[in-house]
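Colleague: Quick one: the structure is below, and I'll ask about it shortly.
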Amino acid sequence: MPLFKRKTFPLAELPNDLEPHELVYQVRFTEEIFRGYDEYLNRINLYRQRVWMCKVSGKTNLTYEEALLSEERATEKVHQFPKELMEPALQIIQYSVACEYIVHDLDIWMLMKEYLISMLSLKDLSDMVAEKLQERLYVGAEIYGRKDDDMYPCIVSKIIEDDVGKIEYEVAWLDKNKEVIETSVINREDVIQKKLPFSRKFLKSFIRESTYRSAPWVLHDKLAQSYGISKNVPENLRSKVSFKDGLLVCNKRRKNGEEAKHDLENFKRKKVDGSEGDEPVEEPIKYPIDDLLVQPDADDPVFTDRPSPSRDFNVPMECVGDLLMVWDFCSSFGRLLHLWPFSLEDFENAICHKKGNLVLLVETHSALLRLLIKDNGEYFSAVRERNRKLKITLITWTEFLCDFLEMINIPELCAYVATIKRGHYGLLDAHAKLGIFQELVNHALETNIVREKLDKFVEQRQALGATRREEALEEARKKRKEKERLRAESDVDQVMDLESKGSASENGNHIRQNGDIVKKRNGEIRSSRQDSASEKSGSKQVDAAPKKMARKQKVEVKVPTANGNGKDLSEKEALERSRDDRKEVVGQSSKERRREYYEREIEKRFIRTNSLGKDRNHNRYWWFQRDGRIFVESSDSKQWGYYSSKEELYLLTGSLNCKGERERALKKQLEKFISRICLEIEKRSKDLAQRVALEEAVLRRSSRVRAPPRKNPANAFLEYVNKWKED
1 MPLFKRKTFP LAELPNDLEP HELVYQVRFT EEIFRGYDEY LNRINLYRQR
51 VWMCKVSGKT NLTYEEALLS EERATEKVHQ FPKELMEPAL QIIQYSVACE
101 YIVHDLDIWM LMKEYLISML SLKDLSDMVA EKLQERLYVG AEIYGRKDDD
151 MYPCIVSKII EDDVGKIEYE VAWLDKNKEV IETSVINRED VIQKKLPFSR
201 KFLKSFIRES TYRSAPWVLH DKLAQSYGIS KNVPENLRSK VSFKDGLLVC
251 NKRRKNGEEA KHDLENFKRK KVDGSEGDEP VEEPIKYPID DLLVQPDADD
301 PVFTDRPSPS RDFNVPMECV GDLLMVWDFC SSFGRLLHLW PFSLEDFENA
351 ICHKKGNLVL LVETHSALLR LLIKDNGEYF SAVRERNRKL KITLITWTEF
401 LCDFLEMINI PELCAYVATI KRGHYGLLDA HAKLGIFQEL VNHALETNIV
451 REKLDKFVEQ RQALGATRRE EALEEARKKR KEKERLRAES DVDQVMDLES
501 KGSASENGNH IRQNGDIVKK RNGEIRSSRQ DSASEKSGSK QVDAAPKKMA
551 RKQKVEVKVP TANGNGKDLS EKEALERSRD DRKEVVGQSS KERRREYYER
601 EIEKRFIRTN SLGKDRNHNR YWWFQRDGRI FVESSDSKQW GYYSSKEELY
651 LLTGSLNCKG ERERALKKQL EKFISRICLE IEKRSKDLAQ RVALEEAVLR
701 RSSRVRAPPR KNPANAFLEY VNKWKED
């Protein structure tokens with residue numbers, strides 16, 4: 001079975017009380033069964049990650065299915081292990097541990113004995129097994145034997161051992177065609193064995209496949225029984241290990257080398273001068289730890305007081321979770337459902353509205369029912385049995401909804417069928433409406449249409465992630481090459497400087513000999529060399545103009561270079577530097593744009609909404625991208641609240657203690673999305689302010705010109721129109 005973090009990963013247990021006709025989700029390669037799609041999807045996503053390790057070959061960075069295939073191939077190779085060497089190899093492996101240290105002082109031995117049995121690495125064990133098997137001869141082994149002062153190939157046909165313990169071998173001598181010529185008896189000194197018929201890598205795979213633990217190495221029970229390997233624990237291990245549920249376990253936790261060394265030093269100090277050694281010093285706590293174990297400390301920063309979340313929901317408190325789940329699904333899969341998105345507030349107001357059948361709720365029900373019909377599943381069959389037309393309209397939607405409730409046959413929801421058939425769906429309470437929506441969403445998630453869409457999104461997200469990683473690697477490769485180029489150029493410049501300094505020291509005052517006059521003004525070296533060629537060309541007159549202008553502006557002027565191109569070295573360097581700066585700025589901005597692009601594209605491929613994290617008391621925090629609030633769910637899911645302002649968000653972030661595991665992860669997520677959350681909060685605040693202003697304007701009007709109720713912004717949910725509705 002593949003390993004997860006180098007440990008055995010337990011498969012999911014079979015759900016209890018499964019009905020023969022019950023629909024479940026099964027993982028193809030593990031045959032695990034799940035009732036809920038969320039659990040199935042979580043397990044599939046885990047199996048697709050490259051975090052698995054092949055138990056037999058030791059290969060890492062594999063998916064679960066790749067690790068299974070690797071184990072099958074490696075196991076087939078392991079089964080090719082020579083049968084003649086199987087038993088002696090297993091004898092060596094059973095209860096193998098590292099060699100014990102040689103301690104001459106009895107007192108020190110008594111102190112150290114619990115640390116002496118240590119883990120034998122796989123490499124060392126494979127080397128030890130190979131070395132011992134190399135020395136061992138068995139019947140059928142092909143060797144070289146000494147005959148007539150020369151070595152010839154032969155096969156061991158019989159092992160002869162006398163009473164004294166001396167071993168001789170009866171061998172059959174082979175010719176070039178490997179046919180037996182004659183037989184004779186030779187001693188061990190006259191034998192040269194060939195190399196083992198397998199590699200060290202193969203031997204490591206064999207050891208992994210044959211054992212279930214490595215400290216000490218213990219064989220599987222069935223394998224040990226089939227080859228007659230004893231399961232009796234050696235005397236040097238009996239005080240250290242025991243059997244529990246048929247498996248060998250260690251009795252005590254072994255101390256590490258530093259602790260053992262510290263105890264030994266204290267023991268020696270006590271033995272020499274009779275002192276008790278150093279007093280125990282409290283080890284510093286390694287954070288993060290469990291949040292409930294975090295204690296106040298003087299070095300802690302000043303934490304802000306966590307604000308109390310608002311709880312002014314229109315629906316009952318126990319229905320808030322279902323409200324968020326249904327709205328999030330409809331908003332996330334609006335394109336697939338052909339349902340124009342609506343705000344959470346409009347959906348909440350529509351659920352609580354009791355006057356008539358609102359278009360928003362009718363269109364939402366119709367979109368979910370159309371999806372179930374398209375899937376050609378159980379609901380499609382139920383509708384066909386009633387000989388209904390498959391077109392859902394504003395008049396017939398209640399009939400399709402009643403068919404669905406009768407199909408799922410939940411007594412609590414079936415009690416509302418009569419009310420819905422009479423056309424009084426709006427009179428149902430919020431609990432009943434959200435219960436119906438919840439069942440519709442659960443069945444929609446189980447359809448092949450949604451599952452195929454999710455699988456497609458998963459593949460696209462993986463492809464985007466792979467492309468982003470490749471670009472990051474390519475960028476890192478370019479940076480590395482650029483650093484190497486700059487390093488090479490700097491080395492060349494240093495060599496040039498050294499050569500120029502050496503030539504200057506050799507020539508002495510070569511500048512004066514060539515007629516140059518060097519003057520240093522304000523830290524700059526200026527040359528006034530005059531030659532006949534420059535005078536004839538008139539360069540002196542050309543140089544005079546910029547010098548006069550520089551004197552007027554009180555700016556130092558550098559003489560142009562000898563090539564006469566009209567630009568000095570400082571200007572060139574400044575231009576190149578500004579050009580490089582512009583390239584760097586453009587490169588950084590392009591990187592940011594690419595990063596934002598990948599984040600947007602990945603978010604478009606919606607799979608599910610995960611919580612931001614938990615606080616000290618296991619309260620969950622949720623943020624939905626289409627709403628500007630942070631929702632807080634209590635640990636028992638019975639209480640809900642929300643934060644709707646930037647001030648509350650900053651106070652919440654400042655109240656989290658990074659020494660705790662949960663609050664550390666929550667703060668990291670909040671800091672990651674804080675800019676986007678603030679934008680959504682600002683947008684929502686502007687909408688609320690505009691809505692309040694419009695309401696006040698409506699109230700200030702006279703009764704003769706007052707706008708009708710549907711124009712009131714507070715009743716925007718009454719004016720919903722599905723712009724994505726199918727024809």
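So the sequence shown is numbered by the UniProt record's numbering: it starts at 1 and just counts up by one. Ideal placement from N, C-alpha and C gives every residue a C-beta, glycine not left out.
Can you tell me the Cβ-Cβ gap for residue 319 and residue 427, rounded? I've got them flagged as a contact below 8 Å.
Modeller: Translated into the one-based positions of the sequence shown, residue 319 becomes position 319. Translated into the one-based positions of the sequence shown, residue 427 becomes position 427. That belief does not hold up - the Cβ atoms of residue 319 and residue 427 are roughly 17 Å apart, past 8 Å.
Colleague: What does DSSP give as the partner residue(s) for residue 313 in the beta ladder?
Modeller: Position 313 of the sequence shown, counted from the first residue, corresponds to residue 313. Paired residues: none, contrary to the question.
Colleague: Helix, strand or coil: which one does DSSP assign to residue 614?
Modeller: Within the sequence shown, the letter at position 614 stands for residue 614. Strand.
Colleague: In or out: residue 550 buried (at least 16 other Cβ within 10 Å) or exposed?
Modeller: Translated into the one-based positions of the sequence shown, residue 550 becomes position 550. Summary for residue 550: the model assigns pLDDT 43, below 50, so the residue's position carries little reliability, and this model does not support an answer.
Colleague: If you check the beta carbons only, do residue 316 and residue 643 fall under 8 Å apart?
Modeller: The residue given as residue 316 occupies position 316 in the sequence shown. The residue given as residue 643 occupies position 643 in the sequence shown. No. Outside cutoff.
Colleague: Between residue 328 and the rest of its own chain, which residues show a CB-CB distance below 7 Å, the 5 nearest in sequence each way excluded?
Modeller: For this step, residue 328 is matched to residue 328 along the sequence shown. Closer than 7 Å at Cβ, skipping near neighbours: 609 and 624.
Colleague: Helix, strand or coil: which one does DSSP assign to residue 250?
Modeller: On the sequence shown, residue 250 is found 250 positions in, with the first residue counted as 1. Of the three classes helix, strand and coil, the one that applies to residue 250 here is strand, per DSSP.
Colleague: With burial defined as no fewer than 16 other Cβ atoms inside 10 Å of the residue's Cβ, what is the status of residue 423: buried or exposed?
Modeller: Within the sequence shown, numbered from 1, the residue matching residue 423 stands at position 423. With fewer than 16 other Cβ atoms within 10 Å, it is exposed.
Colleague: Given a cut-off of 8 Å, decide if residue 145 and residue 186 are closer than it, judged by their beta-carbon atoms.
Modeller: If you number the sequence shown from 1, residue 186 lands on position 186. If you number the sequence shown from 1, residue 145 lands on position 145. Going by C-beta atoms, residue 186 is nearer than 8 Å to residue 145.
Colleague: Report yes if the CB atom of residue 447 is closer than 8 Å to the CB atom of residue 375, and no otherwise.
Modeller: To locate residue 447, count along the sequence shown from 1; it is residue 447. To locate residue 375, count along the sequence shown from 1; it is residue 375. A contact, by the Cβ cut-off of 8 Å.
Colleague: Rank 140, 425 and 311 by C-alpha distance to the C-alpha of residue 153 and give the top, closest one.
Modeller: For the purposes of this step, residue 153 is taken as residue 153 along the sequence shown, with counting starting at 1. The shortest Cα separation from residue 153 among 140, 425 and 311 belongs to 140.
Colleague: Which first and last residues belong to the beta strand (DSSP E) in which residue 169 is found?
Modeller: Numbered from 1 along the sequence shown, position 169 holds the residue referred to as residue 169. That run of the beta strand (DSSP E) goes 167 to 174.
Colleague: Could you tell me the alpha carbon to alpha carbon distance between residue 129 and residue 243, rounded to whole angstroms?
Modeller: Counting from 1 along the sequence shown, the entry for residue 129 is found at position 129. Counting from 1 along the sequence shown, the entry for residue 243 is found at position 243. Rounded to whole angstroms, residue 129 to residue 243 spans 26 Å at the Cα level.
Colleague: Could you give the C-beta distance for residue 48 and residue 32, rounded to a whole number, given that I count them as a contact under 8 Å?
Modeller: Against the sequence shown, residue 48 aligns to sequence position 48. Against the sequence shown, residue 32 aligns to sequence position 32. With a Cβ gap of about 14 Å, residue 48 and residue 32 do not count as contacting.
Colleague: Using only alpha-carbon positions, find the residue among 149, 188 and 28 that is nearest to residue 166.
Modeller: Within the sequence shown, numbered from 1, the residue matching residue 166 stands at position 166. Nearest of 149, 188 and 28 to residue 166, Cα basis: 188.
Colleague: Using DSSP with H/G/I as helix, E/B as strand and the rest coil, what is residue 378?
Modeller: Counting from one through the sequence shown, the residue named residue 378 turns up at place 378. Note: residue 378 maps to helix in three-state DSSP.
Colleague: DSSP puts residue 496 in a beta bridge; with which residues?
Modeller: Here the question's residue 496 lines up with position 496 in the sequence shown. Answer is none; residue 496 lacks a bridge partner.
Colleague: With H, G and I counted as helix, E and B as strand and the rest as coil, what does DSSP make of residue 213?
Modeller: If you number the sequence shown from 1, residue 213 lands on position 213. Looking at residue 213 - three-state DSSP - the assignment turns out to be strand.
Colleague: Spatial neighbours of residue 364 within its chain, please: CB distance less than 7 Å, with the 5 preceding and 5 following residues excluded, ordered by chain position.
Modeller: Looking up residue 364 in the sequence shown gives position 364. Within the same chain, residue 364 has close Cβ partners 330 and 339.
Colleague: For residue 142, name the three-state secondary structure that DSSP assigns.
Modeller: The residue you call residue 142 lines up with position 142 of the sequence shown. The answer is strand: DSSP assigns residue 142 an E or B state.
Colleague: With respect to the beta strand (DSSP E) encompassing residue 158, which residues constitute its N-terminal and C-terminal limits?
Modeller: Taking the first residue of the sequence shown as position 1, residue 158 is located at position 158. Unbroken beta strand (DSSP E) run through residue 158: 150 to 161.
Colleague: With three or more beta-carbon pairs closer than 8 Å as the criterion, would you say the stretch 342 to 350 touches the stretch 666 to 674?
Modeller: Segments in contact, no.
Colleague: Look up residue 13 in the DSSP assignment and say whether it is helix, strand or coil.
Modeller: Here residue 13 corresponds to residue number 13 of the sequence shown, with the count starting at 1. Correct three-state label for residue 13: coil.
Colleague: Would you list the one or two residues that DSSP bridges to residue 147?
Modeller: Position 147 of the sequence shown, counted from the first residue, corresponds to residue 147. 150.
Colleague: Sort 479, 71, 8 and 309 by Cα distance to residue 634 and report the nearest one.
Modeller: In the sequence shown, the residue the question calls residue 634 occupies position 634. It is 309.
Colleague: In terms of residues, what are the limits of the alpha helix (DSSP H) holding residue 622?
Modeller: Locating residue 622 in the sequence shown gives position 622, where the first residue counts as 1. Taken as a continuous stretch (DSSP letters only), residue 622 belongs to no alpha helix (DSSP H), being part of the beta strand (DSSP E) at 620 to 623.
Colleague: Measuring CB atoms only, is the stretch 470 to 478 touching the stretch 64 to 72, in the sense that at least three cross pairs come out at less than 8 Å?
Modeller: No, they do not touch.
Colleague: Tell me the rounded alpha-carbon separation between residue 378 and residue 206.
Modeller: Locating residue 378 in the sequence shown gives position 378, counting from the first residue. Locating residue 206 in the sequence shown gives position 206, counting from the first residue. When rounded, the distance between both Cα atoms is 51 Å.
Colleague: From the DSSP output, in three-state form, read off residue 543 for me.
Modeller: The sequence position of residue 543 within the sequence shown is 543, counting from 1. In this predicted model, residue 543 has a pLDDT of only 45, less than 50, meaning its place in the structure is not dependable; the value taken from the coordinates is given anyway. It is helical.
Colleague: For a test of the three-state rule: what should DSSP assign to residue 53, helix, strand or coil?
Modeller: Numbered from its first residue, the sequence shown carries residue 53 at position 53. Strand.
Colleague: Buried or exposed: residue 443, going by 16 or more other Cβ atoms within 10 Å of its Cβ?
Modeller: One-based indexing of the sequence shown puts residue 443 at position 443. Per the 10 Å Cβ criterion, buried.
Colleague: In the DSSP assignment, find the unbroken beta strand (DSSP E) run with residue 640 in it and report its ends.
Modeller: Translated into the one-based positions of the sequence shown, residue 640 becomes position 640. First-last of the beta strand (DSSP E) with residue 640: 640 to 643.
Colleague: Given a threshold of 16 other Cβ atoms within 10 Å of its Cβ, counted over all protein chains shown, does residue 398 qualify as buried or as exposed?
Modeller: For the purposes of this step, residue 398 is taken as residue 398 along the sequence shown, with counting starting at 1. It counts as buried.
Colleague: Suppose you measure from the CA of residue 595 to the CA of residue 430; what does that come to, to the nearest Å?
Modeller: Locating residue 595 in the sequence shown gives position 595, where the first residue counts as 1. Locating residue 430 in the sequence shown gives position 430, where the first residue counts as 1. Going from the Cα of residue 595 to the Cα of residue 430 covers about 42 Å.
Colleague: Can you list, in chain order, the residues of its chain with a C-beta nearer than 6 Å to that of residue 765? Leave out the 5 residues immediately preceding and following it.
Modeller: Examination of residue 765 is not possible in this model, given that the chain is present from 1 through 727 alone.
Colleague: Need the endpoints of the alpha helix (DSSP H) that residue 332 sits in, please.
Modeller: The residue given as residue 332 occupies position 332 in the sequence shown. Its alpha helix (DSSP H) spans residues 320 to 332.
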